[in-house]
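Novice: Take this structure, written in structure tokens, and hold onto it; I'll ask about it next.
In the numbering used here, the protein residues as written are 33 to 555.
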């Protein structure tokens, strides 16, 4: 199917709006504070909508419908832990980070444990972030490829260049304002899809829900067994709670938004907005269920052997009227770009603050650092496109499955590492090193155990029978528990070292800060 004029107009309007917002934001950026944290003056409602849009990526827009089309709603269970994690994050993390005024989230690890902690956390975030944006860009390219019928590399380059251009120009402010628009576009795309299916399927929505319920399409998991080696409710609950907590506590894109809001109240409200992901995720899971019912009634409209992740793009491009299909394709672009731009800007902030400023070019002007920040963002955009192209050459049943596994591995126990320093004042540098080393070993052990049936990397007696989705949970728990125990054998940090760095000492200020305040006030 070729590109229709109405669809092309809708897509062109969307792309032009994104580039215009990037250009408009660029004019207000005077330094790295503006580029990375929006001069700490962004309205809370806009920050909240940006957080929401970032959480609704191409994984949501394509992989979730593909998963529910092929199976049931079991992949929705981890998301049910989001409200719990968010309430914990709002209570413990948001105002804490705002008081530190860190640009990089990983400055915390240096203040608490030393240079090695900051470098370790920043490297892991950057690696995971780079893979994620490449995967998101690849997922977005699927329906565009069907639309154009051309090669996927050209599509990846087109979409990747658009996202990179406005992110390089406008920094976090452009990211936030484009995310606001993108969030509205992608929700509209989902609503339009459901409406069209309801109109086309005999009996409408009531019939779809009744048939899907009878077929078990709304089931959340295979069982409530306590097994941690199979896809049970408890596996998904643990994965969802730990991964969401880790993201709220250590993800650079989240911490930047805490800092970007104008007030503490605005930052808290913005963070709570992410709970709105639940109905949006449910909508996209429901789209997959609707498509299952639709193609049960009209099987001749679906190509034989089509992959689950391709069903939704196929529906968009064959069953939607012109311009409406273009709007939904724009929503696919929006889903990708709202995640890609945030991660590019966040990774640029981490790489500049944690490595370039500290090791390569300390003491330069802020103008110099702003120029380098834009250069780093551009390089990240190029690497993103390379990774997306590499993923297009791989075969996977569903990309969502692969992402959950890889995300667990590259997380590296950062959540446990942060909580070790944040909740346990006796935790110290040496104890943390031992905890992190143990966590890395545990993650490698779980990963090799998972790969053992295919590659025979471990003797059978040492293989751990843990579901791959729990690799991240195991890593975090091991870092935390081993770090707590190991720290008991070494000296407790001084009160000066702990000032402002733990939950229990968050209201204490370092001595040098107190002295600086006294001098400036003439005391």
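Ideal Cβ placement from N, Cα and C applies to all residues, glycine included. Since we're looking at a predicted model, the values are computed, not measured.
Using the Cβ count rule (16 or more neighbours within 10 Å means buried), how would you classify residue 297?
Specialist: exposed
Novice: Touch check for the segment 209-226 and the segment 363-376: three-plus C-beta pairs under 8 Å?
Specialist: yes
Novice: So if DSSP puts residue 74 in a beta bridge, which residue, or which two residues, is it bridged to?
Specialist: 293
Novice: Rounding to the nearest angstrom, what Cα-Cα distance links residue 165 and residue 363 in this structure?
Specialist: 17 Å
Novice: Using alpha carbons as the reference points, say which of 47, 529, 385 lies closest to residue 454.
Specialist: 529
Novice: Tell me whether residue 207 sits in a helix, a strand or coil according to DSSP, three-state version.
Specialist: helix
Novice: State the Cα-Cα distance for the pair residue 49 and residue 195, rounded to the nearest angstrom.
Specialist: 12 Å
Novice: Helix, strand or coil for residue 286? Go by DSSP, reduced to three states.
Specialist: helix
Novice: So which of 161, 198, 292, 63 has the shortest CA-CA distance to residue 56?
Specialist: 198
Novice: Please work out which residues of its chain come closer than 6 Å, Cβ to Cβ, to residue 546, disregarding the five sequence neighbours upstream and downstream, and give them in chain order.
Specialist: For residue 546, the predicted structure reports a pLDDT of 43, less than 50, and the residue's modelled location is therefore unreliable. A value from the coordinates is still provided. Excluding positions up to five away in sequence, the list is empty.
Novice: Does DSSP put residue 517 in a helix, a strand or coil?
Specialist: helix
Novice: Check residue 533 in the structure and name its three-state DSSP category.
Specialist: coil
Novice: Report back the beta-carbon spacing between residue 278 and residue 129 to the nearest angstrom; my notes put them in contact at under 8 Å.
Specialist: That belief does not hold up - the Cβ atoms of residue 278 and residue 129 are roughly 14 Å apart, past 8 Å.
Novice: Just confirm the distance between the C-beta atoms of residue 76 and residue 301, as a whole number of angstroms; I'd bet it's less than 8 Å.
Specialist: Between residue 301 and residue 76 the Cβ distance is about 5 Å, and since that is below 8 Å, they are a contact.
Novice: May I have the straight-line CA-CA distance separating residue 398 from residue 389, to the nearest angstrom?
Specialist: 10 Å
Novice: Within a Cβ cutoff of 6 Å, which residues of the same chain sit near residue 46, ignoring the five residues on either side of it in sequence?
Specialist: 362
Novice: Excluding five sequence neighbours on each side, which residues of the same chain lie with their C-beta closer than 6 Å to the C-beta of residue 554?
Specialist: Confidence at residue 554 is low in this model, with a pLDDT of 44, below 50, so its placement is unreliable and no value can be given for it.
Novice: What residue range is occupied by the uninterrupted alpha helix (DSSP H) comprising residue 398?
Specialist: 398-424
Novice: Helix, strand or coil for residue 60? Go by DSSP, reduced to three states.
Specialist: Coil, per DSSP.
Novice: Report the rounded CA-to-CA distance for residue 78 versus residue 62, giving the unit in angstroms.
Specialist: 21 Å
Novice: Looking at the structure shown, is residue 88 part of a helix, part of a strand, or coil, going by DSSP?
Specialist: In this structure, residue 88 counts as coil in the three-state DSSP scheme.
Novice: Alpha carbons only, please: which of 533, 518, 539, 66 is nearest the one belonging to residue 138?
Specialist: 533
Novice: I need the boundaries of the alpha helix (DSSP H) containing residue 116, first residue and last residue.
Specialist: 114-121
Novice: Would you call the CB atoms of residue 466 and residue 305 closer than 8 Å?
Specialist: no
Novice: Would you mind reading off the limits of the alpha helix (DSSP H) that contains residue 386?
Specialist: Per DSSP, residue 386 belongs to no alpha helix (DSSP H) and is neither H nor E.
Novice: Distance check for residue 333 and residue 236, CA to CA, integer angstroms please.
Specialist: 18 Å
Novice: Taking 6 Å as the limit between beta carbons, can you name the residues of its chain near residue 100, skipping five residues before and five after?
Specialist: 317, 320, 321
Novice: Quick check on the DSSP output: the alpha helix (DSSP H) that includes residue 240 runs from which residue to which?
Specialist: 236-246
Novice: Comparing C-alpha positions only, which one of 238, 348, 86, 244 sits nearest to residue 176?
Specialist: 348
Novice: If you draw a straight line from the C-alpha of residue 422 to the C-alpha of residue 189, how long is it?
Specialist: 13 Å
Novice: Counting pairs of Cβ atoms below 8 Å between the segment 257-267 and the segment 495-502, do you hit three or more?
Specialist: yes
Novice: Leaving out the 5 sequence neighbours to the left and right, which residues in its chain are closer than 8 Å to residue 43 when beta-carbon positions are compared?
Specialist: 358, 361, 362, 365
Novice: Please confirm whether residue 115 and residue 414 have their CB atoms less than 8 Å apart.
Specialist: Not a contact, by the Cβ cut-off of 8 Å.
Novice: For residue 323, which residues in the same chain have their Cβ closer than 8 Å to its Cβ, ignoring the five residues on either side in sequence?
Specialist: Within the same chain, and ignoring the five residues on either side of residue 323 in sequence, the residues whose Cβ sits closer than 8 Å to its Cβ are 97, 101, 229, 343, 344, 347.
Novice: Would you mind reading off the limits of the alpha helix (DSSP H) that contains residue 128?
Specialist: 127-132
Novice: Consult DSSP for residue 256 and reduce its assignment to one of helix, strand or coil.
Specialist: Coil, per DSSP.
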